[in-house]
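These notes are about the structure you will find just below.
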């Protein structure tokens with residue numbers, strides 16, 4: 095294991111508190127800045143001065159995402175003045191190891207310039223798979239809250255068959271929903287069919303016209319693809335009782351404005367692991383970081 099034992103956990107939400115607790119229990123000396131304590135965090139010290147927190151540690155753990163606007167540090171639980179990413183980069187001492195989720199290119203370049211080792215833990219495939227499961231579970235929870243009837247035998251379309259699409263499909267099939275997967279790759283559709291789902295192929299060369307199937311009486315449509323495929327043309331003819339749940343990161347895949355105009359129940363559900371399962375989501379981040387520190 096790496097000999098350096100001092101960690102500073104900077105900014106973020108309650109996931110970061112779970113990260114701090116995880117490393118404290120592993121015997122690391124942990125300093126936290128930018129997160130108001132929500133209770134007892136044995137072994138963690140809470141620092142009010144950012145520079146002191148940064149200089150006290152060999153290893154920094156920054157939030158996921160690093161920034162929500164590419165300008166300021168993501169620190170929704172901090173009541174002080176916002177911290178610019180550029181200022182943060184200047185304050186981090188050279189030689190520090192920094193773990194960060196979805197780092198901006200500007201931040202990565204600053205780290206390289208200052209001889210700071212910067213590791214983007216959101217590029218860890220195991221973390222992304224585990225995170226996708228939390229997203230799928232939260233999505234099913236949203237579905238059960240929004241549907242006026244049981245998930246059992248409901249008619250659901252899932253657009254996209256990446257990590258979240260796969261796990262959400264399997265979860266809803268186990269709940270006995272009638273699931274149709276819409277995707278581009280034939281291999282994905284073959285896999286979904288083997289899992290028990292119906293399939294629809296979409297073709298971006300034809301402006302995703304395969305999604306006209308969306309008008310075929312679905313109760314719920316989940317989108318996982320960050321491309322505007324559910325556009326005004328589709329929405330104007332859609333079943334007005336459908337629930338649209340967009341799980342895609344910005345810019346999303348649903349024309350939200352058009353959906354509101356046509357009075358369709360539309361939910362853009364972002365950052366679900368941090369909202370629905372922050373403790374587990376934090377542990378997933380911490381496990382990925384620990385694996386990297388131990389060279390696993």
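Residue numbers (my numbering): 95 to 390. Beta carbons: idealized from backbone N, C-alpha and C, even for Gly.
Asked                                                                                                                    : Found
Whole-angstrom distance between residue 144 and residue 99, CA atom to CA atom                                           : 19 Å
Buried versus exposed, by CB contacts within 10 Å (16 or more), residue 107                                              : buried
Residue range of the alpha helix (DSSP H) that includes residue 177                                                      : First-last for residue 177: undefined, no H or E at that position.
Residue of 206, 179 and 324 minimising C-alpha distance to residue 189                                                   : 206
Nonlocal neighbours in the same chain, by C-beta distance under 8 Å from residue 322, ignoring five residues either side : 345, 346, 347, 348 and 349
Alpha-carbon spacing of residue 370 relative to residue 281, whole angstroms                                             : 32 Å
Own chain partners of residue 263 with C-beta closer than 8 Å, once the 5 adjacent residues on each side are dropped     : 252, 255, 273, 275, 286, 289 and 291
Beta-carbon proximity check, residue 261 vs residue 216, cutoff 7 Å                                                      : no
Whole-angstrom C-beta distance between residue 214 and residue 194, which should lie under 8 Å                           : 6 Å
Proximity to residue 104 [Cα-Cα], best of 156, 112, 121 and 115                                                          : 156
Test item: CB-CB of residue 126 and residue 140 under 7 Å                                                                : yes
Helix, strand or coil at residue 118 [DSSP, three-state]                                                                 : helix
Stretch-stretch touch, CB-based, cutoff 8 Å, three pairs: the stretch 326-343 with the stretch 354-372                   : yes
Counterpart residues of residue 314 in DSSP-defined beta bridges                                                         : 250 and 337
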